[in-house]
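Trainee:
In the numbering used here, the protein residues as written are 95 to 245.
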């Protein structure tokens, strides 16, 4: 038996540029928070340890946000979210694996995704975690009308 069009759910994969802007929003926000805890005059030999600690901070942030809400703040702003390949919410473990690549080795993660899996719009760690990033529909609640206050 073949599937009819009504039996198939359509998921719209997020564009790379939208994903980049969401990442940049998160990067700026979390960097600002992490910089509060950093010493601005740290020595050069501490750079590696600071990079590692900063990456752990990003890993915790993305895992928590995407594991619980399916979206980081950047993704919320741009109406995209992380789901499993069927469009269902991701499990916490999948969010951890998916977040590892963008926290520690993003350039390698993206390059392998772009060149190793062209046209799929996934990073290597999306593939490993069995996740995708999709566009979301932001809809106002039904039965509500918003009226702007006069200025």
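Cβ coordinates follow ideal geometry from the N, Cα and C atoms, glycine included.
These figures come from a predicted structure and were not determined experimentally.
Is it right to say residue 192 is buried, meaning 16 or more other beta carbons lie within 10 angstroms of its own, or is it exposed?
Mentor: Here residue 192 is buried. Its C-beta has 16 or more other C-beta atoms within 10 Å.
Trainee: For the structure I just gave you, are there three or more beta carbon pairs, one from the segment 166-183 and one from the segment 224-234, closer than 8 Å?
Mentor: yes
Trainee: What residue ranges within the segment 122-192 form continuous beta strand (DSSP E) runs of no fewer than 3 residues, ordered along the chain?
Mentor: Fully enclosed beta strand (DSSP E) runs of 3 or longer: 174-178.
Trainee: The beta strand (DSSP E) that contains residue 222, what's its start and end?
Mentor: Looking at the DSSP string, residue 222 is not in any beta strand (DSSP E); the run it does join, the alpha helix (DSSP H), is 218-223.
Trainee: If you measure between the beta carbons of residue 145 and residue 124, is that distance less than 7 Å?
Mentor: no
Trainee: Could you compute how far the alpha carbon of residue 184 sits from the alpha carbon of residue 237?
Mentor: Here the C-alpha atom of residue 184 lies approximately 30 Å from the C-alpha atom of residue 237.
Trainee: Using 8 Å as the threshold, is the segment 147-166 in touch with the segment 201-214, meaning 3 or more CB pairs across them?
Mentor: no
Trainee: Excluding the 5 residues preceding and the 5 following residue 115 in the sequence, name in chain order all residues of the same chain whose CB lies nearer than 8 Å to its CB.
Mentor: Closer than 8 Å at Cβ, skipping near neighbours: 168 and 172.
Trainee: Can you grab the Cα-Cα spacing for the pair residue 234 / residue 143, in whole Å?
Mentor: 45 Å
Trainee: Using the Cβ count rule (16 or more neighbours within 10 Å means buried), how would you classify residue 214?
Mentor: exposed
Trainee: When DSSP labels each residue in this structure, what does residue 229 get in the three-state scheme?
Mentor: strand
Trainee: Below 7 Å between beta carbons: does that hold for residue 157 and residue 189?
Mentor: yes
Trainee: Give me the residue from 239, 226, 245 and 198 with the minimum Cα distance to residue 165.
Mentor: 226
Trainee: From residue 108 to residue 149, what does the alpha carbon distance come to, in whole angstroms?
Mentor: 24 Å
Trainee: Does DSSP put residue 105 in a helix, a strand or coil?
Mentor: coil
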